[in-house]
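These notes are about the structure you will find just below.
In my numbering, the protein residues as written are 9 to 173.
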């Protein structure tokens, strides 16, 4: 027997609109809401450090900080915030931004690049922001993807080459 259609109340619709607005205007909120899409059932562990990382990365995208070096211990969600979520979040407002990600290993660079692209292609992202831009079909690889607004994300490692990007 098919499931009954879900009834969406005006209050539900208003709450969803607020969640979308919060995620669009705050990298931290974007990461928090998108966490299940990125990490599945892995528990989201919040903390002041994650909020500070997101706040500073957001300030870089918005032009408030020009030089930024992030240096915190492993397992503090810096890769998820900066290497997975930053491009999809930034492209909501600035789809023409161009990103070059560098990691010490091909494995980590590729892991985060693929997670970022999958986040963009996910139903969670597409149902909210599909109208902002489209990924270019002719440049969508494990090391680079472009969008139709002039933005791109390229990834390499210290053993790779960045000349030309």
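All residues carry an ideal CB built from backbone N, CA and C; glycine is no exception.
Between residue 55 and residue 36, the C-beta spacing is not below 9 angstroms. Annotated three-state conformation of residue 117 is helix, per DSSP.
In the three-state reduction of the DSSP assignment, residue 102 falls in the coil class, being assigned neither a helical nor a strand state. Residue 143: member of the beta strand (DSSP E) spanning 143-148, first to last residue. When beta bridges are read from the DSSP output, residue 160 appears opposite 106 and 154. Of the candidates 82, 80 and 107, 107 places its Cα closest to the Cα of residue 93. For residue 14, there is no enclosing alpha helix (DSSP H), as DSSP gives it neither H nor E. For residue 131, the enclosing alpha helix (DSSP H) starts and ends at 131-137.
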